[in-house]
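One structure is given here, and the rest of the page talks about it.
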Amino acid sequence: MQPFATGVQGARIWLSGSVPVAEESTAQQRESIEAFIVRFARAIFRSGGHIVHGAHPTVVPLLLREAQHHQHSGGRKDCLTIAISRFWSKDREREVDEWRKTALVSEVQEGHDQDESLRLLRYWLAARVDAAVVVGGRWWDINRVQAGIPAEIVLAVERGLPVFLAGGLGGAAHGFLMANPALLRLLKNGLSEEENKRLSLSDDVASISTEVVAQLERLPLVRGAASEGATFRILSLDGGGIKGTFAAAVIASWEQLTGLRVVDHFDLVAGTSTGGILALGLGAGLSGEAMLKFYRRKGPQIFPVTSLRSRFLHALRHAVRPKYSQHILFTALEEGLYDGGAVKRMKDARTRLVIPSYHALAGSPHVFRTPHHPDVAGDAETPLACVALATAAAPTYFASARIKNAIAETSFVDGGVWANNPSLAAMIEAVTYLRIPLERIDLLSIGTTEEPFTIKSVGKSGLFGWSTKLVKLLLSAQEDAATEHARLLASEPRFIRINTMTAPGAYSLDGVRDIEELASLGNRAAMEPTVLSQVRSRFLNGVKTSPW
80 MQPFATGVQG
90 ARIWLSGSVP
100 VAEESTAQQR
110 ESIEAFIVRF
120 ARAIFRSGGH
130 IVHGAHPTVV
140 PLLLREAQHH
150 QHSGGRKDCL
160 TIAISRFWSK
170 DREREVDEWR
180 KTALVSEVQE
190 GHDQDESLRL
200 LRYWLAARVD
210 AAVVVGGRWW
220 DINRVQAGIP
230 AEIVLAVERG
240 LPVFLAGGLG
250 GAAHGFLMAN
260 PALLRLLKNG
270 LSEEENKRLS
280 LSDDVASIST
290 EVVAQLERLP
300 LVRGAASEGA
310 TFRILSLDGG
320 GIKGTFAAAV
330 IASWEQLTGL
340 RVVDHFDLVA
350 GTSTGGILAL
360 GLGAGLSGEA
370 MLKFYRRKGP
380 QIFPVTSLRS
390 RFLHALRHAV
400 RPKYSQHILF
410 TALEEGLYDG
420 GAVKRMKDAR
430 TRLVIPSYHA
440 LAGSPHVFRT
450 PHHPDVAGDA
460 ETPLACVALA
470 TAAAPTYFAS
480 ARIKNAIAET
490 SFVDGGVWAN
500 NPSLAAMIEA
510 VTYLRIPLER
520 IDLLSIGTTE
530 EPFTIKSVGK
540 SGLFGWSTKL
550 VKLLLSAQED
560 AATEHARLLA
570 SEPRFIRINT
580 MTAPGAYSLD
590 GVRDIEELAS
600 LGNRAAMEPT
610 VLSQVRSRFL
620 NGVKTSPW
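Residue numbers (our numbering): 80 to 627.
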């Protein structure tokens, strides 16, 4: 069957509502609400749109059935997203797993109680959809305070979403509209107040469904370039030297548990320094387990542990030259990233990559990119190991990396000097070059452990006192700022940060004796139930990204 049009292609429609019980409605109203849900879902799926729903038990079976029909006809699994709070899903794992066979299931962080959990769930829903359609709803005639439809309508209106009310079919949608007729002026759906009144009070299921879908097609719902799936998924990997073992263990744990490859489920991967090495490894097709083995096997070669006397002499030499051998690092990168095969270049990566570095001669940030846009194809032929060397050339630890592109050779230093947390760089890449709207981005940020930090003790110090804290202050402030700005831009429901707090001084950039401890911490962070549920539902959900 041919789709109606392309206006709903890629759009995410929040279907808000439920089927009221017998005490609150007539049999005809319940049948009409169910018929509308089925008819509307079928139309949206056929036209290339996606429905997002908050897991009401009276609606989920209807939507799953239509999604199954759609998929049997060749449609995508991400046509339907069911969002449920962990407050309920943690006790319904078998049922939720059944949903996952047909739909994407997003388990939203739970609150302190049922009311807080509902609030967080509604905020999550409103933050990631393009329009809202409201039908039915419970409790209006029994206990209006308990009715959820009014809260969802108000939230959608406050966020400026186009809203359509199928109030004429009964339920709380009808009751709230009757009590608040001025609501019709606030729906921002492109219809006049009179048109909205007629539509909202109609009880003709076929007419309501057809008119709502037609109007949705006229609206500019998808701004920018929509990804094939419901969201554009970004993985951001921090710098941190050997502490990248933590992030590698996180990824390896998720892949082992889900049986899925991380690289197949992210539209863009950004990494700085050790995070850049991880990102490039994933882009080369290596598994999380392979990258964890890289840290275990190559870490002691890159950061050799020596005798006490040798370490003392090494420290003296470190005062006037880089602490470690760049040649050893580059050899390890070549062996690790190519895995004995042919040299891989940025153009060969399996996903889009964004790798921050710093151009030493120009004195300005540089970003190595896969050629995912005609304007950023300059590094297409650069070998992955060279990019890894450029992003990981930490000042004082390694010499600056001399990298040759098509026509010239120049020096680069560690991207951590400006983007140790590359979340912002990744989001800017997606919005600027790939034209992905912010509201379409889900960002998963993985750190390399953190520790409490304060400058209270040197607040009144001079040059000597500050010299011991200044570099750490700049790095810590930059990383924290990037994290918070990315969180604000993406909004809380679309941003996840994975990290763990450690004791001050517990782990260093070159502390290879701590590799197994870091791996253990990474595994623990990856297995934390609230983290794992969100990662499985929003990122490693079985819906692979399209080839870039």
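Even glycine gets a Cβ: it sits at the ideal position worked out from N, Cα and C.
Check                                                                                                                                                                                        : Outcome
Measuring CB atoms only, is the segment 425-437 touching the segment 368-377, in the sense that at least three cross pairs come out at less than 8 Å?                                        : no
Please report the distance separating the alpha-carbon of residue 207 from that of residue 617.                                                                                              : 12 Å
Excluding the 5 residues flanking residue 248 on each side, which residues of the same chain have their C-beta closer than 8 Å to its C-beta?                                                : 108, 111, 112, 115, 214, 215, 282, 284 and 287
Grab the span of the alpha helix (DSSP H) containing residue 417 for me, first residue to last.                                                                                              : 405-417
Between which two residues does the beta strand (DSSP E) containing residue 372 stretch?                                                                                                     : No beta strand (DSSP E) contains residue 372, which is instead part of the alpha helix (DSSP H) from 367-381.
Go ahead and pull the three-state DSSP assignment for residue 610.                                                                                                                           : helix
Residue 130 lies in the beta strand (DSSP E); which residues open and close that run?                                                                                                        : 129-132
Just verifying my parser: in three-state terms, what is the DSSP assignment at residue 208?                                                                                                  : coil
Is there contact here, the segment 267-277 with the segment 235-255, by at least three beta-carbon pairs under 8 Å?                                                                          : yes
In terms of residue numbering, what span does the beta strand (DSSP E) encompassing residue 313 cover?                                                                                       : 311-316
Which runs of the alpha helix (DSSP H) at least 4 residues long sit entirely within the segment 206-281? Give them in chain order.                                                           : 228-237, 251-258 and 272-280
Please work out which residues of its chain come closer than 7 Å, Cβ to Cβ, to residue 587, disregarding the five sequence neighbours upstream and downstream, and give them in chain order. : none
What is the DSSP secondary structure of residue 474, reduced to helix, strand or coil?                                                                                                       : coil
May I have the straight-line CA-CA distance separating residue 238 from residue 572, to the nearest angstrom?                                                                                : 14 Å
If the criterion is Cβ atoms closer than 9 Å, does the pair residue 377 and residue 597 meet it?                                                                                             : no
Look at the Cβ atom of residue 139, then the Cβ atom of residue 93, and state whether they are nearer than 9 Å.                                                                              : no
Assign residue 221 to buried or exposed, taking buried as 16 or more other Cβ atoms, counted over all protein chains shown, within 10 Å of its Cβ.                                           : exposed
Quick test of the definition: if touching needs 3 or more C-beta pairs under 8 Å, does the segment 564-582 touch the segment 516-524?                                                        : yes
Report yes if the C-beta distance between residue 478 and residue 424 is below 9 Å; otherwise report no.                                                                                     : no
Just mark residue 468 as buried or exposed, buried being the case when its beta carbon has 16 or more other beta carbons within 10 Å.                                                        : buried
Of the choices 495, 298, 314 and 508, whose alpha-carbon is the least far from that of residue 91?                                                                                           : 298
Between the beta-carbon of residue 520 and the beta-carbon of residue 330, is there less than 9 Å?                                                                                           : no
Residue range of the alpha helix (DSSP H) that residue 481 falls in?                                                                                                                         : Taken as a continuous stretch (DSSP letters only), residue 481 belongs to no alpha helix (DSSP H), being part of the beta strand (DSSP E) at 480-483.
Tell me whether the beta-carbon of residue 210 lies closer than 9 Å to the beta-carbon of residue 234.                                                                                       : no
Note the first and the last residue of the continuous alpha helix (DSSP H) segment covering residue 287.                                                                                     : 284-297
On a CA-only basis, which of 252, 118, 183 and 347 is nearest residue 161? Give me that one, please.                                                                                         : 183
Under the rule that 16 or more other beta-carbon atoms within 10 Å means buried, what is residue 100, buried or exposed?                                                                     : exposed
Alpha carbon to alpha carbon, what distance is there between residue 224 and residue 130?                                                                                                    : 27 Å
I'd like the span of the alpha helix (DSSP H) that includes residue 176, first residue to last.                                                                                              : 172-179
Please report how far the alpha carbon of residue 515 lies from the alpha carbon of residue 301, in whole angstroms.                                                                         : 9 Å
Taking residue 451 as the reference, give the member of 437, 147, 626 and 142 with the closest Cα.                                                                                           : 626
Under 6 Å Cβ to Cβ from residue 624, same chain only, skipping five residues before and after it: list those, please.                                                                        : 346
On a CA-only basis, which of 437, 374 and 614 is nearest residue 412? Give me that one, please.                                                                                              : 374
Leaving out five residues before and five after residue 339 in sequence, what residues of the same chain have Cβ atoms less than 7 Å from its Cβ?                                            : 619 and 621
Please confirm whether residue 336 and residue 504 have their CB atoms less than 9 Å apart.                                                                                                  : no
Would you tell me roughly how many angstroms separate the C-alpha atoms of residue 512 and residue 258, rounded to the nearest one?                                                          : 47 Å
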